[in-house]
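Worksheet: one structure, shown below.
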Amino acid sequence: MNEAKGRIDALVKANDVVLFMKGSVLFPQCGFSSRAVAILDHLGVPFETVDVLQDQEIRAGIKEYSDWPTIPQLYVKGEFVGGSDIMMEMFESGELQQLVSAEA
1 MNEAKGRIDA
11 LVKANDVVLF
21 MKGSVLFPQC
31 GFSSRAVAIL
41 DHLGVPFETV
51 DVLQDQEIRA
61 GIKEYSDWPT
71 IPQLYVKGEF
81 VGGSDIMMEM
91 FESGELQQLV
101 SAEA
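Sequential numbering of the sequence shown, starting at 1, is according to UniProt numbering.
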């Protein structure tokens, strides 16, 4: 599991906005991942995605890494933000736009 944690850590630190999701941007594999992608697309910020269905170590490891039981998971500037419900709430309140557009 330590190797997976190291890979996750590297991805989170290398990308300002990274979404761990089921499927890909073009073909999300669950409604929550689809909604998360739609929110990020709407914001117009560049983001990286990681398909957890392609890598069981990452799929299990990301839940431990964040101490969050569900996927998708959004990270902005190295910080765990939350899943699609939290993303939606933050999007509706304007918090997510501020978070992703704020200068590091």
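By construction, the Cβ of each residue, glycine as well, lies at the ideal position given by its N, Cα and C atoms.
A distance below 7 Å between beta-carbons, with the five flanking residues on each side excluded, links Ile8 to the following residues of its chain, in chain order: Ile58, Gly61, Ile62, Tyr65.
Of the candidates Ala36, Phe47, Asp67, the residue whose Cα lies closest to the Cα of Ala14 is Phe47. One Cα belongs to Asp51, the other to Lys5, and the distance between them is close to 15 Å. In the displayed model, Val25 falls within coil according to three-state DSSP, outside both helix and strand. According to the DSSP assignment, Gly44 belongs to no beta strand (DSSP E), since it is labelled neither H nor E.
Contact between Thr49 and Leu19 holds, with the beta-carbon distance rounding to 5 Å and staying under 8 Å. The way I'd put it, the segment 25 to 44 doesn't touch the segment 75 to 82; fewer than three beta-carbon pairs between them come closer than 8 Å.
When secondary structure is reduced to three states using DSSP, Gly82 falls in the strand class. In this structure, Asp16 is the residue among Ala38, Asp16, Ile86 with its C-alpha nearest to the C-alpha of Val100. Pro72 is a Cβ neighbour of Ala36, given a cutoff of 8 Å.
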